[in-house]
Structures are given as structure tokens and as C-alpha cells.
Amino acid sequence: MFTSFSLAGIEMPDHLERLREEVRAFLRAELEAGSYTREPSGWDRYDAAFSRKVADRGWIGMTWPRQYGGHERTSLERYVVTEELLAAGAPVRAHWLADRQFGPLLLAAGSEDQKRTYLPRIAAGECYVCVGMSEPDSGSDLASIRTKATKVEGGWRVSGRKVWTSYAHRAHLMNLFARTAAFDEKNRHEGVTQLIVDLDWPGITIKPIINLANDHDFNEVLFDDVFVPDDRVIGAVGNGWKQVSGELAHERAGSERWLNAYGVLVHLLDSAGTHPERGSAEKIGRLVTHLWTLHRMSFSLAGLLNQGITPAVEAALVKDLGNQFDQDIPEAARQVLQEEDRARLPEEDRFNDMLDRALLYAPSYPIRGGTREILRGIIARGLGLR
Ligand SMILES: Cc1cc2nc3c(=O)[nH]c(=O)nc-3n(C[C@H](O)[C@H](O)[C@H](O)COP(=O)(O)OP(=O)(O)OC[C@H]3O[C@@H](n4cnc5c(N)ncnc54)[C@H](O)[C@@H]3O)c2cc1C
4 MFTSFSLAGI EMPDHLERLR EEVRAFLRAE LEAGSYTREP SGWDRYDAAF
54 SRKVADRGWI GMTWPRQYGG HERTSLERYV VTEELLAAGA PVRAHWLADR
104 QFGPLLLAAG SEDQKRTYLP RIAAGECYVC VGMSEPDSGS DLASIRTKAT
154 KVEGGWRVSG RKVWTSYAHR AHLMNLFART AAFDEKNRHE GVTQLIVDLD
204 WPGITIKPII NLANDHDFNE VLFDDVFVPD DRVIGAVGNG WKQVSGELAH
254 ERAGSERWLN AYGVLVHLLD SAGTHPERGS AEKIGRLVTH LWTLHRMSFS
304 LAGLLNQGIT PAVEAALVKD LGNQFDQDIP EAARQVLQEE DRARLPEEDR
354 FNDMLDRALL YAPSYPIRGG TREILRGIIA RGLGLR
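Oh and the sequence shown: position 55 is 58 in this note's numbering, straight run, nothing missing.
Structure below.
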């Protein structure tokens, strides 16, 4: 049965345009000062010093209550700031997950003590968090995880293995998804719990996994009888599945799902009219219209988040279309610019560098944060088609 689906158009009010200008001025100054270099995807670049500068501007924890170090601004304001940071290719990865989903998770389900302990440090750009969901045999089917937390006096003993854990080697905390009750096929979503784990605790081993671009961004994380105190349980024991479902809407709705190759598109625009025989104007024109549509969709979802609505189906749609878009840009660039065109580009443009990286990262976009097939299943169910 069709439940609800909302992607209402929202106009961009003047005060948001002023905020956008403020962020652009900050980024221009930082770029000129050499504090970062433009990347096709700053979302894949980790720079703690840059994150602290973003925090100093009040752009981490923007929507959170002041009592927890937040700034009580709207999700629409947060949307504008994050969109500008990503479009500029600024290195935002260090604080991203803590700001985007761990903070909102604690506000929704965390204890008062957890909120007071972690949120001010995150908002100050000093505490980074990774997500420990996937395991060697559990990715799409997250309920089948085998990392086990066994109840002991005063806490839990955790053993198991997580994989593809982005930036576990640079984070302070992991939001760990573990099984606290035996798996039951009939109630497969029950008995899983979220725990806050310090990554320097005894019994934790973090091993690098090198990606296609030869970068170390994700890891394998092993837990060998790690003690996790009771006060590190987020929400109720066994309620992890419901909590994760809310978290995923934050994870999938934003512009990080379609701004990973934006720098390549901007450069490509310069060559739009130069190769009519390769259909360059048509290809680039199509990309620009898709860009604008995705911008309107994500902004609309920010409006829903602002009203306290969790747009799970709409977010899945944005991520699916956005992933396609992020793959279409480097592919169009590859078709429009041939080797001799690329050889003529000035090195200081860094376009070749950007394009090579965008091509190498492109295959990962529709896998991280939920695969295309899984998202399409969610969309079909949400629309009552399945
Ligand atoms: C760059 C990157 C960063 C990541 N970072 C993190 C992280 O920080 N933390 C974390 O926990 N995980 C992370 N992941 C893992 C990611 O969430 C999983 O890879 C993803 O959920 C898919 O799981 P899987 O790899 O086990 O593939 P599988 O689930 O085994 O899927 C394999 C294929 O089968 C298809 N498939 C599976 N089930 C179905 C179905 N029911 N119907 C139709 N098709 C199906 C999938 O779509 C896919 O094409 C990251 C992955 C990448 C690539």
C-alpha cells in the first residue's frame, strides 16, 4: 500500500543566500591561504585542522540545542553549509559522520549523560566517529550480523569482526552495531543494539584495507572480548534496528550523494562547445539539469528533516539518482575529452588528477550507504509497488 511520499519544492529564502555567500567567502579565503586543495570529493578527504575551522564558524552541530554545544539553526541552514563545503571540494570527512548521523542519533535516543559527554566535543570539531555496521557476510542484510555482545557484570563483552569501516583508523569512537540476543529468523530485526566504543580500548585491532585508488580510507576492525560498560548502550538494549533505520535517512538524503564529482563537471563546462562531434554540449547540458534537480530534491528533504519527519523512501531515491549522477560525470568527461585534450590541460588546473580520482572512486558510490538494488527495493515498497 502506498504510504506517503513528499518532495515538495521549497524556495530558497534570502537569509540562506546570505549564509551561502558567507560560506563561499570562508572557502575562498581558506583556498587562497593554501589550507586545502580542491578535490573532486572533499567528502573522502580527512583533515582534522580544517574540521576545527569549520567548527569555529559554528558549522558543526548546527541544528543541535545550545546546551549540548549546538547552534539551534535549521536543517535548511545546515543543508546550505554542507552543500557549499562539498561543492568546493573542501576536506570535511573527519567530522562528517559525527555531525550528520551520530549527533542526531544521540539526540533522539542517547542518555542525558551521553549527550553531555559527546555532543559538545563533536560540535567543537574534536571528536570523530565511525560506523561499525557491515561485516564480512553482512552488508545489505544487516540483520544477519554476527558480532556478539554478551552480558557480563557492569557491561558487555564484544567479539566479532567489522569490515569496510571508513576512517576507523582516524576516529575516536565507533557506533557499533552488535547482536545482544541470539538471531531468530522469525524476528530477525530484534536483538541488535548500538554501543559507543572507544577505538583505543584493549582487544580492538584495526587493519587497513586499501581501496582502488590506492588510498587507505576503510578498514577491518576486530573485537576480541572487548569490555563495553553499560552506560555505552545507545537507547534501549535490542532497539538498534529501529534506531539505525532513522539514522539511514540522514545518511542518504544529503548532497554528499551527488557532489562527489562536481569539480570535474565544473571543469568540463569550459569544454562544452568544443567537441560537437562527441556530443559534448548535449552530455554536459543533461548533467547540469540533473544537478539542479538533485539540488532541489535534497533541499526538499532538508525541509522534511526540519519538520522532524524521517524521509526514508525519499532519501533512498535521492541516493540512487545521486549515485548514478556521480558516475555519469567522470564517464561523460572520459567520452568528451580524449587523451590529446587531457595532455594539453595545464597541470595547475589539476583536472587530470581530479578526473582520475573520480573514475577510480565512482564504482564505490552505489555500494556505500546501501546498494542500488536495496535502495530500489525500499523505494518500491514505499510506493506500494512491492
Ligand atoms: C567506500 C565504502 C565505504 C564504506 N564504509 C562503511 C562504513 O563506514 N561502515 C560500514 O558499516 N560499512 C561501510 N561500507 C560497507 C557497505 O555498507 C556495504 O558494502 C554495502 O551495504 C553492501 O554490502 P556487501 O558489501 O556485504 O554486499 P552484499 O550485501 O553481499 O551485496 C552484493 C550484491 O548483491 C546485491 N543484493 C544483496 N541483497 C540483495 C537483495 N535482497 N535484493 C537484490 N540484490 C541484493 C547487492 O545490491 C550487491 O549488488 C562501505 C562500503 C564502501 C564501498
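For glycine and all other residues, C-beta sits at the position ideal for the given N, C-alpha and C.
Limits of the alpha helix (DSSP H) - the one that residue i falls within
| i | result |
| --- | --- |
| Glu350 | It is not in any alpha helix (DSSP H) - Glu350 carries neither H nor E in the DSSP assignment. |
| His278 | Run containing His278: none; DSSP gives neither H nor E here. |
| Asp116 | 115-126 |
| Lys189 | It is not in any alpha helix (DSSP H) - Lys189 carries neither H nor E in the DSSP assignment. |
| Pro107 | 106-112 |
| Ile377 | 375-385 |
| Arg389 | Run containing Arg389: none; DSSP gives neither H nor E here. |
| Trp99 | 96-100 |
| Trp159 | Element bounds for Trp159: not the alpha helix (DSSP H) but the beta strand (DSSP E), 158-165. |
| Thr150 | Looking at the DSSP string, Thr150 is not in any alpha helix (DSSP H), and its letter there is neither H nor E. |
| Leu30 | 17-35 |
| Ser54 | 51-59 |
Residue burial classification, residue i (beta-carbon count within 10 angstroms, cutoff 16)
| i | result |
| --- | --- |
| Phe5 | In this prediction, Phe5 scores a pLDDT of 48, lower than 50, which makes its location untrustworthy; no coordinate-derived value is stated. |
| Leu347 | A small fix is needed here, since residue 347 is Arg in this sequence, not Leu. Exposed, since its Cβ has fewer than 16 Cβ neighbours within 10 Å. |
| Leu320 | buried |
| Ala174 | buried |
| Gly372 | buried |
| Val26 | buried |
| Gln330 | buried |
| Lys189 | exposed |
| Pro369 | buried |
| Glu376 | exposed |
| Asn326 | buried |
| Lys154 | exposed |
| Lys286 | buried |
| Thr85 | buried |
| Thr208 | exposed |
| Leu89 | buried |
| Phe8 | exposed |
Residue of the options minimising C-alpha distance to residue i
| i | options | result |
| --- | --- | --- |
| Tyr265 | Arg31, Phe230, Val247, Trp295 | Trp295 |
| Val269 | Leu324, Asn326, Ala336, His278 | Ala336 |
| Thr77 | Ala365, Arg191, His18, Arg149 | His18 |
| Ser162 | Ile13, Asp227, Leu176, Trp62 | Asp227 |
| Glu115 | Glu75, Tyr71, Ser38 | Tyr71 |
| His293 | Ser301, Leu262, Phe328 | Phe328 |
| Val339 | Gly385, Arg353, Leu290 | Leu290 |
| Phe212 | Phe221, Gly206, Trp204, Pro205 | The sequence shown places Ile at residue 212, rather than the Phe named in the question. Measuring from the Cα of Ile212, the nearest candidate turns out to be Phe221. |
| Val57 | Arg69, Pro68, Ala361, Glu87 | Glu87 |
| Ala93 | Leu34, Thr120, Tyr82 | Leu34 |
| Ala101 | Lys165, Tyr170, Glu223, Leu362 | Tyr170 |
| Ser367 | Leu215, Arg55, Tyr49, Val132 | Leu215 |
| Cys394 | Leu202, Glu250, Met136, Pro314 | Any answer about residue 394 is impossible in this case: the structure gives the chain only from 4 up to 389. |
| Asn263 | Gln341, Gly128, His74, Met357 | Met357 |
| Leu109 | Phe8, Ala28, Glu250 | Glu250 |
| Cys133 | His172, Thr120, Met177 | Met177 |
| His192 | Asn242, Glu223, Gly106, Thr168 | Asn242 |
| Glu80 | Glu350, Gly306, Glu343, Glu334 | Gly306 |
| Gly158 | Leu198, Trp46, Trp261, Ser147 | Leu198 |
| Leu145 | Trp261, Thr374, Tyr364, Tyr49 | Thr374 |
| Ser54 | Arg124, Glu24, Ile381 | Arg124 |
| Val267 | Ser147, Arg353, Ala36, Gln104 | Arg353 |
| Gly257 | Leu362, Trp46, Arg41, Met15 | Trp46 |
| Val166 | Gln117, Ile312, Ser301, Ser143 | Ser143 |
| Glu334 | Pro68, Arg281, Ser147 | Arg281 |
| Leu308 | Ala97, Gln104, Gly61 | Gln104 |
Residue i Cβ short of 6 Å to ligand 3 heavy atom set
| i | result |
| --- | --- |
| Met136 | Absence of ligand 3 from the depicted structure is noted, with ligand 1 being the only ligands included. |
For residue j and residue i, believed in contact at Cβ under 8 Å, the rounded distance
| i | j | result |
| --- | --- | --- |
| Arg345 | Phe230 | 54 Å between Cβ atoms; not a contact. |
| Glu126 | Gly64 | According to the sequence as given, residue 126 is Ala; it is not Glu. At roughly 3 Å, the Cβ-Cβ gap stays under 8 Å, so Ala126 and Gly64 are in contact. |
| Leu297 | Leu324 | 6 Å |
| Arg149 | Arg182 | 7 Å |
| Arg299 | Gly12 | 6 Å |
| Ala315 | Ser248 | 7 Å |
| Ala318 | Leu304 | 6 Å |
Start-to-end residues for the beta strand (DSSP E) that takes in residue i
| i | result |
| --- | --- |
| Leu176 | 176-182 |
| Phe230 | 219-232 |
| Val134 | 132-135 |
| Thr66 | Run containing Thr66: none; DSSP gives neither H nor E here. |
| Leu77 | Checking the displayed sequence, the identity of residue 77 turns out to be Thr instead of Leu. That residue, Thr77, is in no beta strand (DSSP E); it is neither H nor E in DSSP. |
| Ile212 | 207-213 |
Cβ of residue i within 7 Å of any chain C Cβ
| i | result |
| --- | --- |
| Ile381 | Judged by its chain identifiers, the structure shown contains no chain C, having just a single protein chain. |
Inset, instruction - Give, in chain order, every unbroken run of the alpha helix (DSSP H) that is at least 4 residues long and sits entirely within the stretch 309-346. - result: Listed in chain order, the alpha helix (DSSP H) runs fully inside the stretch 309-346 are 315-339, counting runs of at least 4 residues.
Inset, instruction - Only counting runs of 4 or more residues, tell me where the alpha helix (DSSP H) segments fall wholly within the stretch 240-278, in order along the chain. - result: If we require 4 residues or more, the alpha helix (DSSP H) runs fully inside the stretch 240-278 come out as 243-256, 265-272.
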